[in-house]
Structures are given as structure tokens and as C-alpha cells.
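Asks: Quick one: structure below, then a few questions.
If you want it as C-alpha cells, here you go:
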């Protein structure tokens, strides 16, 4: 069907072109001049596409060479004018795409569309319709015909494409294209007959040439603007794609297939395509491709980019963008492989092949962080007694063989989810996981003791290894898991001391530490489980109006026995206990309820902020909950502050969720910018509305370097369309400095320490939204709240704290 359709359009194109050339042979020179300019005008118009859908490269696009027809028809016969336009389209598409079939189809489509337009014009004239009205209707008829053909081609001949549920056509775009085309056609017809009003009328030929050249100039300007917009889109796509590809590159955390998936999305964003796939064959005509060496080693795989033939050919810039992204992906995979190899060697004991001390520490921290709160684990610290004597008597080769055999025995006797590591010359550790009781840990330790104590033959000598094992048991998740290792080590050393004091060689070979999980774990767990957490609120003010426009919500808890607990400790332990999301939900609910009460007293308070870890915004964590909560308070802006440290492992899914939340009206802020290892990468890694400057960047505003940095960041924010809030403002002098620099929002001790709901409400009732109010601050409050802001409570990654919103 595709072949027959192409034959019809090619025949129409060639026929109209031949008829036009034949009719021009006896024509006067001025007709040849008009036809030549008409070919140029049609070619430029053909390359100036108009998209009629909202999904780039997946919606119908039409060109409007018919706009030259009213001007040409004033001097040339209709069939000559149509053929002239078809020739211009044919040459333009050949030069751009280099594909004869596409050029013939395009020229044929314009020929048939021109015939439809001429037929409508003639029919309406016969009915007594005025010339200009007939031209307008003919132009609209042309657009309708071309659009109908393109829709049929996309739905019947071409394979279906995914537009994300969006309609094929955008009514607003279609209406705009129709009105614009009709206006240009009518003006062109009018001026070709009467002459442009701002030029001296010379002759009908000159009038026509002036109109055609005017259309060429306007179309060229539109094309140049679209090219620049395309370049900006491609540059933004390249930056975002490179950032996505390089995420986690230093850890080699993603496989080649996962990198390829990210690469496909990056190519789609930067090149502009209808489809991008990884397949076993290279590009066909109309496609571009490059080989991928990392997807399936040993098999030929290509990333292939395709675009609708009528959507413009791939350019050299498209090919260079594809090559840049593929090169980046290959470098990321190679770097990941190198890192993985180096990491393996760095984390492996070369003698036994077991994990070394560094790998053991990382594994223990990971196991502790990801176990359920009620899931127990144990650490066994093992030491081979009299190993030095063995080396002295039988040589280091024999000692090495004994250590290798002990490593093999330990691997064989532990359970599948347990971990064995060599952490010193004759010292091993074992992590026992998924335990339900101390008795279970002791049974495994006794089995290890029996297996490692069996006779061991090295050459002509038989050894009877004797092990000292210290066992430390942890019933709940630890906030400082290194303490568990120290307790196991002390328990093992206690056995060796007993032996040195004359104890039996077979007595107390396993010593159990009295380690217990911290009381603080139970306190924080109970506070979260029973919803006992409280909030304090610190104002965020506008330096322009001198008014409070937002509050940041900060978590607090006072234990009946221990008194007030450190906010960072609360957040850290909540995360360690696996209760960070639950805590965040509680903070969110209480903060928004308080914001509603504040707004009743002072309507100028329009925003509440709180802090979350970047990964928490995903729908299956707190994302959906926060979206639903925001819907319940339509008059209050809700802002999620993401601590900069949590940006290190932002995934495409997190970025997509951030964009979704912003589309729904929530705001995203980057908190604590300027603390520790801040980088520009943080500013582009995550979509955001607010940048919160850490107090460390404003602690000495007399320093011109700090002022210059703030000015640069303010300008950067203005260009990227996000607001900036400076934290840690402690006095009027700092506030004046910031105002002079053009900073528009601030937060800090100068405007108020974090206070309870009751005190905050009283302040609003007494002073309204005034940024600075008279107050007497007790020494106890000064000691309890860091002047620079408990606003930085979420200094711990993922700490739920503030709920902020950008200054208007």
C-alpha cells in the first residue's frame, strides 16, 4: 500500500512540474523571473514546518508552500503556479533529506493540495464569493486536505507511536496555524494585485516579486528562530542526558542494559525523535545509528534513531549529539567496569579471597541499615591462637595455607546470607544475619568452632587449630554499629586473657558480649509509633515587604526521663530505624494543619515547608501522601526541601517525580546549598523552585567574596527561574547587607527562633506578619536552638523538618 501511494504522489508531482515547464517555454522573461522566485519561496516555506500536535516529533507536521500560490496566480496560469511550487518543494526536500522518495511524496502532496485549493477557489468564485474570501477558503481547504492525508498515512501506513495519552492534534495549534496561513494568503493575494502599501507601485510583476520575497524573508526568520530553539533544546537535552548517564558512574552501580535504557531517553530528549531503540541491525534509510559495545558483548548491537520522514531529516548536529551521548555512555560503562574491578581488588583479601576489613565494615553498615527494626544480627570476632608460633616453626608458607583453609571452612559452615571476612593477620569476622534469638546465634557459633577446630594437614604436619570467638548480639537496628564490633572484639580478647592466666585451652572458647541496642532506639521508635513528635516553626520573611510569608516546620521531642532530644539525633535514628517515611508523614500532617491555623490569623502566611530526602518523594514512599495532603489545603503552598547531600544519587525516576509534583503545584527546594562539598551539579541535577543558601556562605558578609558569590547565585536563580532564601541571618546588619545585594528572602535567628505552635500563633495574633518583633530571648532558648537555624535540622540526610515556599 505504501508503494502504490508513493507512485500516485510521485506521478502527480512529476506531471505538474512537466506541465509548468512546458507552459513557461513560450512565456515572457518576467514570467520566468516570477517562477524562479516562486521556486525559492516554495522551497523556503517547505522547510518551515508547522507542528499541529503537542508531542514533538510524534504529531503531524505540515508545510505551507500554498502561501505562494495567490501571488503566483496573479501572473502565471494556475497549472504553472502549482508546478512551480511542486518544483520548489522537490528541490528543497532533496537538499535537506537527500531522499528522492520523500521529495517526490512531498512535492506530490503539495501538487494535489494545490489542485484542491484551486478547485475550491474556482467553485466559490462561480458561486459569487469575493476573491479574497475565496482565497481564504481555498487556503483552509488546502490545510484540511494535507492534514487528512498525513493523518491517514500515520494511522494506516506508518507504525503507531506512543504519545503518552495525548491527542494527535492540539486544537490551539491547529487554530493558530489555520488563522495565520489564511491571513498570509489573503494579504499576499491583495498586495500582489494592488501592490504593497508601503512601496511604490511599478508593475504587476514587481508587485508579485515583492510579495514573494517578503514571504521568503518572513519564513526565513521563522526558520532561524526555530533552529535556535532547537539548538537550545538539544543543548539542554545533552546536559541532562550526560548528567543522567554519569549518575552512579563512580560506583559502577548500573548494568550495561540499564545504561542503554538511560541513553535511549537522553537521545530522545536531545536529538528529537519518533523512536529510539537498541537492536541488532544498523540504520535503514531515514534513520541514524551508532554501534554499542557495552549492551551485549560479542553481539552486534546498535542504537537506532528514527524520525517521521515528513518531520525533517536528521542533521549533522543530530548525528553529533547522538555520537556525544553514545561516547559518554561507553565511557561511563568503561569507568564503571574499571571501578568495579578496582573495588573488588581493593575489598578482597588476596590470600583467602574473602572480603577484607573495609568491605566488612561497609557490609555491616549496609546490613544494619536495611534490616527490619526487630530483625537481629550478631558479629563473631575470631582469632587463631598461637599463629605466630606456627609461622616461626613451620614457615610463612605453612601459615598462609592454614589461613586459606580456615577461610574455606568458614565459608562452608556459615549460612547463605551470612558474611565471612578476614580483617587481620590471623583474625576473621562473621556477620550472622536474619537471627531471631541469641540462642540461634550461639548455635551457629558453636558449629563454626567445631568445624574450624578439626585437624588440618599441611605437608607432613597435622595442626589442631584453636579459635577464640567473641560474640556480640544485636536485637534491634543500631545507630552506631561499630560499637557491636568493638564488643565482639573485647569478648574475644577476654578469652585470650583467661588462657594467659592459666585457663583451660578448651574453656570459654566462645564468649558472649553483654551488648544491647541503645535505649535511644526504643525511645525514638516509640515516639514515632505513638505519634508523639512535636513541631517548632521558624519564619521565612521577605526582605522587600518586611513580612513573613512562610514557616519552616522542625521536628522536636522531649522524653520524660532524658528531656529534650537533639533534633539531628531524632532524624538520624528515625532513618536508622526504618521509620523516616512514617516520621515525615507525621510532620507533614501536623505542619499543614498548623499552616491552616496560621493563615486564619494572618492571610499573608501562604506557605509551609519541610525537609525530605530526595528518594522519599517517590510515589511508593511519601510522594503520593504529600500530593494528597496538598490537595486538602488548596490555599497553602507546600514546599519540599531536599538536602543537597541527598542529591548524590538522584535517578531519572526521582527527577520525573519532582517534575510531576511541580506540575501539581507543589514546590521543590534545594536546602543547605553551600555546606560541605556544594557544586553547580546540584543546581541542575533536580528540578526546583527554591535555592536555600546555607549559613556558612553568609557568616562574614564584610568579605567581598561572599557578597560576590551571593550576587552570582541570585543572578543564576533569576536566569533559571527559581527563588533564593538565605538562611542564618542573625542580626540587622546581615539583613541590611543582604537587602543591598538584592536578596529577596531570608530566614534566621534575627526573625525568630523556632517556637512551638502556641507561641507562633500568639506571635501572629499580636504582631501579624511583621518580620521582626520585640522579644526577650532566655539564655536557655539560645543554648537550645542554634541561631543559624534549627532550620538546618534536616542537616541529616533525609531529615524531615521544614516545609518552605519561594518568596513572591
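Numbering (this note's numbering), first residue to last: 5 to 812. Yeah, the Cβ is synthetic: ideal placement off N, Cα and C, and Gly gets one too.
For a minimum of 4 consecutive residues, which ranges assigned as the alpha helix (DSSP H) are wholly contained in the stretch 81-126?
Replies: Counting whole runs of 4 or more residues, the stretch 81-126 contains the alpha helix (DSSP H) stretches 82-101.
Asks: Are the Cβ atoms of residue 410 and residue 469 separated by less than 8 Å?
Replies: In this structure, residue 469 lies closer than 8 Å to residue 410 by Cβ.
Asks: In the DSSP assignment, the alpha helix (DSSP H) including residue 370 goes from what residue to what residue?
Replies: Where residue 370 is concerned, the enclosing alpha helix (DSSP H) stretches over 361-374.
Asks: Which residue's Cα is closest to the Cα of residue 694: 632, 644, 304 and 266?
Replies: Checked all of 632, 644, 304 and 266; the closest Cα to residue 694 is 644.
Asks: Assign residue 7 to one of two classes, buried (16 or more other C-beta atoms within 10 Å of its C-beta) or exposed (fewer than that).
Replies: When all chains shown are included, residue 7 counts as exposed.
Asks: From this set, 233, 527 and 436, which residue's C-alpha is nearest residue 564's C-alpha?
Replies: Closest option to residue 564, Cα to Cα, is 527.
Asks: When burial is assigned at 16 or more other CB atoms within 10 Å of the CB, is residue 331 buried or exposed?
Replies: The residue in question, residue 331, is exposed, as its Cβ has fewer than 16 Cβ neighbours within 10 Å.
Asks: Would you call the stretch 710-729 in contact with the stretch 752-762, where contact means no fewer than 3 C-beta pairs closer than 8 Å?
Replies: As far as the Cβ criterion goes, the stretch 710-729 does not touch the stretch 752-762, which means the pair count is below three.
Asks: May I ask you to report which of helix, strand or coil DSSP gives residue 636?
Replies: In this structure, residue 636 counts as coil in the three-state DSSP scheme.
Asks: Out of 438, 651, 587 and 165, point me to the one whose CA is closest to residue 629's CA.
Replies: Per the Cα distances, 587.
Asks: Between the beta-carbon of residue 616 and the beta-carbon of residue 626, is there less than 8 Å?
Replies: In contact: residue 616 and residue 626 (Cβ atoms closer than 8 Å).
Asks: Do you know whose CA, among 427, 417 and 483, lies nearest residue 451's CA?
Replies: For the residues 427, 417 and 483, the minimum Cα distance to residue 451 belongs to 417.
Asks: Which ranges does the alpha helix (DSSP H) cover as unbroken runs of at least 4 residues, wholly within the stretch 589-622, from first to last along the chain?
Replies: The stretch 589-622 contains no whole alpha helix (DSSP H) run of 4 or more residues.
Asks: Tell me which residue opens and which closes the alpha helix (DSSP H) that residue 741 is part of.
Replies: Where residue 741 is concerned, the enclosing alpha helix (DSSP H) stretches over 736-744.
Asks: According to DSSP, is residue 14 helix, strand or coil?
Replies: Three-state result, residue 14: helix.
Asks: Report yes or no: do three or more beta-carbon pairs, one from the stretch 46-58 and one from the stretch 123-135, lie closer than 8 Å?
Replies: No: fewer than three Cβ pairs fall under 8 Å.
Asks: Could you work out which residue in 200, 148 and 159 is closest to residue 179 when comparing CA atoms only?
Replies: Closest option to residue 179, Cα to Cα, is 148.
Asks: Checking 8 Å against the spacing of the C-beta atoms, do residue 514 and residue 449 come in under that value?
Replies: Going by C-beta atoms, residue 514 is nearer than 8 Å to residue 449.
Asks: Which residues does DSSP list as the beta-bridge partners of residue 301?
Replies: Bridge partners of residue 301: none, in fact.
Asks: Roughly how many angstroms separate the alpha carbons of residue 91 and residue 284, rounded to a whole number?
Replies: Going by the C-alpha atoms only, they are around 39 Å apart.
Asks: The beta strand (DSSP E) that contains residue 465, what's its start and end?
Replies: It spans 465-467 - the beta strand (DSSP E) in which residue 465 sits, taken as one unbroken run.
Asks: How big is the Cα-Cα spacing for residue 398 and residue 380?
Replies: Rounded to whole angstroms, residue 398 to residue 380 spans 41 Å at the Cα level.
Asks: In terms of residue numbering, what span does the beta strand (DSSP E) encompassing residue 437 cover?
Replies: Segment 431-439, the beta strand (DSSP E) holding residue 437.
Asks: Expressed to the nearest angstrom, what Euclidean distance is found between the alpha-carbon atoms of residue 419 and residue 689?
Replies: Rounded to the nearest angstrom, the two C-alpha atoms are 42 Å apart.
Asks: Would you call residue 260 buried or exposed, if buried means 16 or more other Cβ atoms sit within 10 Å of its Cβ?
Replies: Residue 260 should be labelled buried.
Asks: Work out the CA separation of residue 668 and residue 279 for me, nearest whole Å.
Replies: So the two alpha carbons sit approximately 28 Å from each other.
Asks: As a quick exercise: from 618, 434, 454 and 455, pick the residue whose alpha carbon is nearest that of residue 477.
Replies: Checking every option, the nearest Cα to that of residue 477 belongs to 434.
Asks: Take residue 270 as the anchor and find which of 240, 297 and 289 has the nearest alpha-carbon.
Replies: Out of 240, 297 and 289, 240 has the C-alpha closest to the C-alpha of residue 270.
Asks: Could you please give the first and the last residue of the uninterrupted beta strand (DSSP E) stretch that includes residue 357?
Replies: Per DSSP, residue 357 belongs to no beta strand (DSSP E) and is neither H nor E.
Asks: Buried or exposed: which applies to residue 307, given that a residue is buried once 16 or more other Cβ atoms fall within 10 Å of its Cβ?
Replies: Buried, by the Cβ-count rule.
Asks: Which runs of the alpha helix (DSSP H) fall wholly inside the stretch 196-281 and span at least 4 residues, in chain order?
Replies: Here the runs fully enclosed are 208-250 and 260-275.
Asks: Hey, out of 760, 576 and 553, whose CA is closest to residue 774's CA?
Replies: It is 553 whose Cα lies nearest to the Cα of residue 774.
Asks: Can at least three beta-carbon pairs, one atom from the stretch 99-118 and one from the stretch 9-27, be found at a separation below 8 Å?
Replies: Yes: at least three Cβ pairs fall under 8 Å.
Asks: How many Å lie between residue 710 and residue 736 at the Cα?
Replies: So the two alpha carbons sit approximately 17 Å from each other.
Asks: CA-CA distance, residue 814 and residue 272?
Replies: Missing from the structure shown is residue 814; the chain here goes from 5 to 812 and no further.
Asks: Starting from residue 47, follow the alpha helix (DSSP H) in both directions and report where the run begins and ends.
Replies: Where residue 47 is concerned, the enclosing alpha helix (DSSP H) stretches over 33-51.
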